[in-house]
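K.L.:
Following this message is one structure expressed as structure tokens.
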Amino acid sequence: MIVIDLAIIRIKQVIRSKEFYFYVIGFPLFFLILFGFLSKGWAPTTKTLDIGFYSADSPVVDPLTSELLDMEKEFYNALNTHQNDKGLKTFTLENYTNIETLDTDIQELTIEGGIELPDDFSLQAGNISRFYASLILTQSLTEAFSLYPAEWFGINESLYQITPYLETSANLIIKFHGDVTLQTTMQAYTSIWQIMSEFLGNYSVIHANSIWSELKLTYALSFDLNLTQQSTNNTISSEVLLISAGTGDVVEDFQSEFFARLLPGQILQTILMSAVSAIWLLDEENKTGMLKRMKLTKLNSIQYLGGILLAWSIIALLQGIFMLVFAAILGFFNFAINPLAWLFMLLTMILLGVITATIALLVGSFIQARVAAPILILFASTIHMFVAEYYTDIKPAFTYAGKSFSWFDLIFLRPAFLVMKNSMLMESVSGATNVLFDLLLLFIWAVVIFIAGAIIFSKFKLRYAEKE
Numbered sequence: 012m013i014v015i016d017l018a019i020i021r022i023k024q025v026i027r028s029k030e031f032y033f034y035v036i037g038f039p040l041f042f043l044i045l046f047g048f049l050s051k052g053w054a055p056t057t058k059t060l061d062i063g064f065y066s067a068d069s070p071v072v073d074p075l076t077s078e079l080l081d082m083e084k085e086f087y088n089a090l091n092t093h094q095n096d097k098g099l100k101t102f103t104l105e106n107y108t109n110i111e112t113l114d115t116d117i118q119e120l121t122i123e124g125g126i127e128l129p130d131d132f133s134l135q136a137g138n139i140s141r142f143y144a145s146l147i148l149t150q151s152l153t154e155a156f157s158l159y160p161a162e163w164f165g166i167n168e169s170l171y172q173i174t175p176y177l178e179t180s181a182n183l184i185i186k187f188h189g190d191v192t193l194q195t196t197m198q199a200y201t202s203i204w205q206i207m208s209e210f211l212g213n214y215s216v217i218h219a220n221s222i223w224s225e226l227k228l229t230y231a232l233s234f235d236l237n238l239t240q241q242s243t244n245n246t247i248s249s250e251v252l253l254i255s256a257g258t259g260d261v262v263e264d265f266q267s268e269f270f271a272r273l274l275p276g277q278i279l280q281t282i283l284m285s286a287v288s289a290i291w292l293l294d295e296e297n298k299t300g301m302l303k304r305m306k307l308t309k310l311n312s313i314q315y316l317g318g319i320l321l322a323w324s325i326i327a328l329l330q331g332i333f334m335l336v337f338a339a340i341l342g343f344f345n346f347a348i349n350p351l352a353w354l355f356m357l358l359t360m361i362l363l364g365v366i367t368a369t370i371a372l373l374v375g376s377f378i379q380a381r382v383a384a385p386i387l388i389l390f391a392s393t394i395h396m397f398v399a400e401y402y403t404d405i406k407p408a409f410t411y412a413g414k415s416f417s418w419f420d421l422i423f424l425r426p427a428f429l430v431m432k433n434s435m436l437m438e439s440v441s442g443a444t445n446v447l448f449d450l451l452l453l454f455i456w457a458v459v460i461f462i463a464g465a466i467i468f469s470k471f472k473l474r475y476a477e478k479e
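The working numbering puts the first residue of the sequence shown at 12, with every later residue one more than the last.
Following this line, the structure appears as structure tokens:
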């Protein structure tokens with residue numbers, strides 16, 4: 012009961028302190044609102060993207076021309092020569108002979124993503140283009156009835172000849188490998204989708220001309236390329252393979268990707284910065300002589316530290332929930348989160364509360380100034396957000412048991428950030444196993460850091476206070 016009473020007292024002290032609202036709530040909430048609304052006008056940086064290309068496709072004979080049709084080669088050339096609206100080359104392609112190497116390079120951020128074509132790509136792409144070519148011709152021939160009434164018989168015969176192409180079936184699935192939480196990966200995916208649509212649209216017109224030449228009619232027709240592009244865009248299916256995060260077929264847009272970084276980052280910052288309030292409260296207790304009176308009140312060091320631990324775990328949990336609720340009100344929280352993901356996020360907040368309490372104990376053991384502590388915490392939180400991958404992507408140093416590691420995993424805030432981010436995307440992107448690993452790593456860090464902090468605080472602070 013003493014530990015609970017101490018925790019309640021500390022929570023009340025924090026709520027009543029102006030520092031809590033200024034440093035802990037004010038700063039992170041301000042940047043959450045600022046970056047959240049600015050994100051609506053932001054877009055991924057325009058640059059040439061490095062992507063992998065894998066295909067086991069074999070050419071097929073075109074039934075229209077009896078020539079060998081190598082759609083894989085043509086699509087490769089379309090990707091390799093495409094330019095964006097800035098006049099820059101869209102992709103730099105790297106050929107791969109196996110999927111495992113492709114996925115490894117994506118994990119290590121060597122390339123932004125990879126495209127995998129099915130082994131019947133030429134067959135299915137050819138069928139799709141011929142199907143839409145027949146749609147174009149059917150529309151044009153229907154219009155020709157009123158334009159060339161004397162050719163009625165020939166037009167009707169042409170429609171009859173086109174009918175077999177309308178019955179052509181095609182099932183084209185293009186697999187894209189990548190981490191959809193990265194801006195460049197999503198930019199690559201969007202560009203590939205656009206190029207594929209244009210590619211099949213152009214081939215539909217080529218096949219329309221081939222069919223038209225076989226019909227040998229005497230009047231000219233113009234083919235609507237836009238109709239073809241729109242049709243193929245709504246017909247071709249794609250499958251997104253998520254590297255180091257399981258598999259799925261969902262595409263996260265730029266806003267979701269942005270908020271999956273922004274929200275965890277600001278939650279982590281507000282929890283970490285609450286160490287400022289914790290340090291000031293410890294300083295007040297030292298000045299008022301509470302530490303000296305511990306013997307008189309029969310309050311031992313374990314109970315005292317337990318009260319700190321419990322209080323800041325609850326405070327961190329409330330801070331995280333507050334930021335999530337506020338983000339939802341502003342429309343920044345647009346994730347479908349399952350109960351397991353919620354559990355992971357809440358556990359992360361509690362563990363961060365333990366780490367926050369430990370930071371307060373460590374800093375409070377060596378720093379007495381009320382000015383130096385906030386500066387140290389602000390500086391440390393900024394540095395930690397860089398190594399946590401909040402501001403920039405981090406290239407893994409090595410891979411073990413299918414999991415990519417960075418040397419920055421030695422910093423506790425990185426697994427905390429990854430758990431929060433992947434929990435928000437778990438329903439659509441991340442796998443529970445991937446999140447569990449980072450959560451376990453965070454738990455280990457929390458235990459180790461708290462034990463170290465408790466020992467140092469007991470040795471340098473409590474014993475010193477008892478001797479005075």
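Ideal placement from N, C-alpha and C gives every residue a C-beta, glycine not left out. Just so you know, these numbers come straight off a predicted model, no measurement behind them.
(1) For Asp-264, name the three-state secondary structure that DSSP assigns.
(2) Do the CB positions of Ile-282 and Ala-327 come within less than 8 Å of each other?
(3) Spell out the partners DSSP gives Gly-98 in its beta bridges.
(4) Measuring alpha carbon to alpha carbon, tell me which residue in Leu-453, Leu-372 and Val-216 is nearest Ala-289.
(5) Hey, would you say Leu-79 sits closer than 8 Å to Asn-91, going by beta carbons?
(6) Check Gly-342 in the structure and name its three-state DSSP category.
(7) So the beta strand (DSSP E) Phe-187 belongs to, where does it begin and stop?
(8) Determine the extent of the beta strand (DSSP E) in which Phe-64 is found, giving its start and end residues.
(9) Looking at the structure shown, is Glu-127 part of a helix, part of a strand, or coil, going by DSSP?
(10) Short of 6 Å in beta carbon distance, which residues of its chain neighbour Ala-457, apart from the five on each side in sequence? Order them along the chain.
(11) The alpha helix (DSSP H) that contains Leu-90, what's its start and end?
(12) In the stretch 343-375, which residue ranges form an unbroken alpha helix (DSSP H) of at least 4 residues, counting only runs that do not cross its ends?
(13) Drop a sphere of 10 angstroms on the beta-carbon of Gln-94, count the other beta-carbons inside from all chains shown, and report buried for 16 or more, exposed for fewer.
(14) Which of the three DSSP states is assigned to Glu-78 in this structure?
(15) Within a Cβ cutoff of 7 Å, which residues of the same chain sit near Thr-196, ignoring the five residues on either side of it in sequence?
(16) Would you kindly work out how many angstroms separate the C-alpha atoms of Ser-224 and Glu-209, rounded to a whole number?
(17) Apart from the five residues on each side of it in sequence, which residues of its chain come closer than 6 Å, Cβ to Cβ, to Ala-286?
(18) Where DSSP assigns a beta bridge to Val-72, which residues make up the other side?
(19) How do the stretch 68-77 and the stretch 19-29 stand: do at least 3 beta-carbon pairs fall below 8 Å, yes or no?
(20) Look at Ser-434 and Ala-352 and say whether their C-beta atoms are less than 8 Å apart.
(21) Who are the near neighbours of Pro-275 in its chain, counting only those whose CB is closer than 6 Å to its CB and skipping five residues on each side?
(22) So, helix, strand or coil for Leu-104, using DSSP?
(23) Can you tell which of Ala-465, Leu-451, Leu-152 and Gly-342 has its C-alpha closest to the C-alpha of Gln-314?
(24) Are the CB atoms of Leu-60 and Thr-101 nearer to each other than 8 Å?
P.N.:
Based on what the coordinates show:
(1) Taking the sequence shown and counting its residues from 1, one reaches residue 264 at position 253. Confidence at Asp-264 is low in this model, with a pLDDT of 47, below 50, so its placement is unreliable and no value can be given for it.
(2) Here residue 282 corresponds to residue number 271 of the sequence shown, with the count starting at 1. Here residue 327 corresponds to residue number 316 of the sequence shown, with the count starting at 1. For the pair Ile-282 and Ala-327, the CB atoms are nearer than the 8 Å cut-off.
(3) Looking up residue 98 in the sequence shown gives position 87. For Gly-98, which the question treats as bridged, DSSP gives no partner whatsoever.
(4) Reading the sequence shown from its first residue, position 278 is the one you call residue 289. Considering only alpha carbons, the answer is Leu-372.
(5) The residue labelled residue 79 in the question sits at position 68 within the sequence shown. The residue labelled residue 91 in the question sits at position 80 within the sequence shown. Not a contact, by the Cβ cut-off of 8 Å.
(6) If you number the sequence shown from 1, residue 342 lands on position 331. Looking at Gly-342 - three-state DSSP - the assignment turns out to be coil, as it is neither helix nor strand.
(7) Your numbering for residue 187 matches position 176 in the sequence shown. Annotation for Phe-187: the continuous beta strand (DSSP E) segment containing it runs 184-189.
(8) Along the sequence shown, one-based indexing puts residue 64 at 53. Counting along the chain, the beta strand (DSSP E) containing Phe-64 begins and ends at 60-66.
(9) Counting from 1 along the sequence shown, the entry for residue 127 is found at position 116. DSSP, read as helix, strand or coil, puts Glu-127 in strand.
(10) In the sequence shown, the residue the question calls residue 457 occupies position 446. If we look at Ala-457 and ignore the five residues flanking it on each side, its Cβ neighbours are Leu-362, Val-365 and Ile-366.
(11) Taking the first residue of the sequence shown as position 1, residue 90 is located at position 79. Residues 82-92.
(12) none
(13) Residue 94 sits at position 83 when you count from the first residue of the sequence shown. Counting Cβ neighbours within 10 Å, Gln-94 comes out exposed, since fewer than 16 surround it.
(14) Mapped onto the sequence shown, residue 78 falls at position 67. DSSP places Glu-78 in coil when its eight states are reduced to three.
(15) Within the sequence shown, residue 196 is the residue found at index 185, counting from 1. Counting only Cβ-Cβ distances below 7 Å, and skipping sequence neighbours, we find Glu-123, Gly-124, Gly-189 and Asp-190.
(16) Position 213 of the sequence shown, counted from the first residue, corresponds to residue 224. Position 198 of the sequence shown, counted from the first residue, corresponds to residue 209. Each residue's Cα considered, the two are about 23 Å apart.
(17) Mapped onto the sequence shown, residue 286 falls at position 275. Hits under 6 Å: Thr-367, Ile-370, Ala-371 and Ile-388.
(18) As a first step, residue 72 must be located in the sequence shown, where it is residue number 61. Residue pairing from DSSP places Val-72 in a beta bridge opposite Leu-79.
(19) Fewer than three beta-carbon pairs drawn from the stretch 68-77 and the stretch 19-29 are found closer than 8 Å, and the two stretches are therefore not classed as touching.
(20) For the purposes of this step, residue 434 is identified with residue 423 of the sequence shown, where counting begins at 1. For the purposes of this step, residue 352 is identified with residue 341 of the sequence shown, where counting begins at 1. Cβ atoms of Ser-434 and Ala-352: closer than 8 Å.
(21) In the sequence shown, the residue the question calls residue 275 occupies position 264. Phe-428, Met-431 and Lys-432, listed in sequence order.
(22) Start at 1 with the first residue of the sequence shown, and residue 104 comes out as number 93. It is a strand residue.
(23) One-based indexing of the sequence shown puts residue 314 at position 303. Taking only the C-alpha atoms, the option nearest Gln-314 is Ala-465.
(24) Here residue 60 corresponds to residue number 49 of the sequence shown, with the count starting at 1. Here residue 101 corresponds to residue number 90 of the sequence shown, with the count starting at 1. It is a contact, given that the beta carbons lie within the stated cut-off.
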